[in-house]
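Visitor: Before anything else, here's the structure in question.
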Amino acid sequence: RPDDLPPLIYAILPIVPIGLVLVFSKLAIATIKMPVVTAMLMSIALAMVFEFVHKRDIKSVAASIQVFFDGMGKIFATVVSLIVAGETFANGLMKIGAIDQIIAIAESSGFGAIGITLIMFLIVGACAVIMGSGNAPYYSFGALVPDITAKMGVSSISMITTMQFSASIARSASPITAAVVAVAGVAEVSPVDLVKRTAIPMAVALIVSFVAGVTL
Numbered sequence: 002r003p004d005d006l007p008p009l010i011y012a013i014l015p016i017v018p019i020g021l022v023l024v025f026s027k028l029a030i031a032t033i034k035m036p037v038v039t040a041m042l043m044s045i046a047l048a049m050v051f052e053f054v055h056k057r058d059i060k061s062v063a064a065s066i067q068v069f070f071d072g073m074g075k076i077f078a079t080v081v082s083l084i085v086a087g088e089t090f091a092n093g094l095m096k097i098g099a100i101d102q103i104i105a106i107a108e109s110s111g112f113g114a115i116g117i118t119l120i121m122f123l124i125v126g127a128c129a130v131i132m133g134s135g136n137a138p139y140y141s142f143g144a145l146v147p148d149i150t151a152k153m154g155v156s157s158i159s160m161i162t163t164m165q166f167s168a169s170i171a172r173s174a175s176p177i178t179a180a181v182v183a184v185a186g187v188a189e190v191s192p193v194d195l196v197k198r199t200a201i202p203m204a205v206a207l208i209v210s211f212v213a214g215v216t217l
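Numbering (the working numbering), first residue to last: 2 to 217.
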């Protein structure tokens with residue numbers, strides 16, 4: 002209902018934290034440092050001021066802050082679960098010798114550093130499409146990077162960066178990604194039809210990100 006909609010000025014609240022971090026940085030005001038936590042707390046305070054002006058009920062505003070902490074706890078639980086699962090998966094692969102096999106194949110095929118980076122890039126991207134999540138494959142295979150790079154003598158930063166790009170971009174081409182399903186529902190189209198449109202630009206983005214990751 003229109004009466005239940007918040008004022009349009011509320012739309013600026015989600016961009017306030019990133020705005021504060023960017024303004025108080027080398028891009029603008031370098032003399033003042035703005036940690037992410039500080040930016041978040043300032044944004045929460047601003048949101049509470051907006052809510053008080055809108056509702057004129059301090060008790061309701063104070064009670065609504067619980068929503069923030071509930072959401073934060075939920076995200077923390079998800080992230081910690083992914084990290085634990087990823088570490089377990091990575092250690093399992095190392096114990097069964099899967100990583101040594103991948104490295105041996107790369108070396109025998111003459112792929113070199115770029116080749117093994119490409120293999121990890123493609124594996125993470127494929128898993129992101131299948132799982133509909135970028136975090137799950139990234140945390141799972143990202144834990145393997147230090148061991149692989151140490152044996153191959155390649156840059157950890159280069160490999161982990163390309164893997165992060167692959168996970169983030171490839172998930173947008175998955176029909177089971179939450180964002181894709183949500184957008185498809187709003188547009189009243191099939192998620193499969195939607196990813197048919199996103200697959201081509203995402204493929205181009207994957208190529209560009211890989212080239213940039215191994216050359217820059």
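Glycine included, C-beta positions come from ideal geometry on N, C-alpha and C.
Owing to the predicted nature of the structure, the values given are computational and were not obtained by experimental measurement.
1. Quick one: what does DSSP say Arg57 is sitting in, helix, strand or coil?
2. Check Pro15 in the structure and name its three-state DSSP category.
3. Within 10 Å of its beta-carbon, does Ala129 have 16 or more other beta-carbons around it, so buried, or fewer, so exposed?
4. Answer yes or no: do Val125 and Ala168 have a C-beta to C-beta separation smaller than 7 Å?
5. Express the C-alpha separation of Val209 and Thr178 in angstroms, rounding to a whole number.
6. Under the assumption that Ala114 contacts Val155 (Cβ atoms under 8 Å), give the Cβ distance between them as a whole number of angstroms.
7. Round the Cβ separation of Pro8 and Ser44 to the nearest angstrom and send it over; I've been treating them as touching at under 8 Å.
8. Can you tell me where the alpha helix (DSSP H) with Pro202 in it begins and where it stops?
9. Go through the region 107-187 residue by residue and report every complete run of the alpha helix (DSSP H) that reaches 4 residues or more, in order.
10. Here's the rule I'm using: 16 or more other beta-carbon atoms within 10 Å means buried, otherwise exposed. How should Phe211 be labelled?
11. Starting from the C-beta of Met132, find all residues in its chain whose C-beta is less than 7 Å away, skip the five residues before and the five after it, and write them out in chain order.
12. Measuring CA to CA, which of Ser26, Met153, Thr216 is closest to Gln102?
13. CA-CA distance, Arg172 and Met121?
14. Looking at the structure shown, is Ile30 part of a helix, part of a strand, or coil, going by DSSP?
15. Alpha carbon to alpha carbon, how far is Met35 from Ala29?
Guide: Taking the geometry as given:
1. Three-state result, Arg57: coil.
2. Pro15: helix per DSSP, three-state reduction.
3. Classification of Ala129: buried, given that the 10 Å Cβ count is 16 or more.
4. Result yes, Cβ atoms of Val125 and Ala168 sit closer than 7 Å.
5. So the two alpha carbons sit approximately 22 Å from each other.
6. Contact holds; Cβ gap of about 4 Å.
7. In this structure Pro8 does not touch Ser44 by the C-beta definition: roughly 17 Å separates them, more than the 8 Å allowed.
8. Segment 192-216, the alpha helix (DSSP H) holding Pro202.
9. For the alpha helix (DSSP H) assignment, the uninterrupted runs of no fewer than 4 residues enclosed by the region 107-187 are, from N- to C-terminal side, 113-132, 136-143, 146-153, 157-171.
10. The residue in question, Phe211, is buried, as its Cβ has 16 or more Cβ neighbours within 10 Å.
11. Exclusion of the five residues before and after Met132 leaves Pro138 as the residues of its chain whose Cβ lies within less than 7 Å of its Cβ.
12. Restricting attention to Ser26, Met153, Thr216, the CA atom closest to the CA of Gln102 is found in Met153.
13. If you draw a straight line from the Cα of Arg172 to the Cα of Met121, it is about 16 Å long.
14. Coil.
15. Within the model, the alpha-carbon separation for Met35 versus Ala29 is close to 12 Å.
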